[in-house]
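Participant: Provided herewith is a single structure, encoded as structure tokens, for subsequent inquiry.
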Amino acid sequence: MLARPAEHPFSRAELDAHYAMVREVAAEQGLLLVDHHAAWLRLRAESPELFDRHVPDGVHPDPEISRRLILPAMLRAFGVAPVEPE
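Residue numbers (the working numbering): 81 to 166.
Structure representation (structure tokens):
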């Protein structure tokens, strides 16, 4: 997962370089990369209080927001239709 809004108080500048390296290696190796960076930036911009509640350190999402943002993207990447929880 790649995500870290720059203005978050717990931001780490080296993550941008890390993301670039991950993307480069994935491309070089022909690997599937499910890049969530844009989704996390959008969440932070549109709902900063929701972002702060579910990503308190600015980097590691909790299980609830992971199910809402990460799981559907991963299922789409693998061609699996998302399933609504019961």
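Built from N, CA and C at the ideal position, the CB exists for glycine as well.
(1) Cutting at 6 Å between CB atoms, please list the residues of its own chain near L56, excluding the five before and the five after it.
(2) Taking C-beta to C-beta, are P102 and L113 nearer than 8 Å?
(3) What span of residues does the alpha helix (DSSP H) with F158 cover, start to end?
(4) Can you tell me where the alpha helix (DSSP H) holding E108 begins and where it ends?
Facilitator: Let me lay it out:
(1) Outside the shown range of the chain, which is 81 to 166, sits residue 56, and nothing can be said about it.
(2) Here residue 102 is Val; the residue named in the question, Pro, does not match the sequence. Cβ distance < 8 Å, so V102 and L113 count as in contact.
(3) DSSP places F158 in no alpha helix (DSSP H); its state is neither H nor E.
(4) In the DSSP assignment, E108 falls within the alpha helix (DSSP H) that extends over 94-109.
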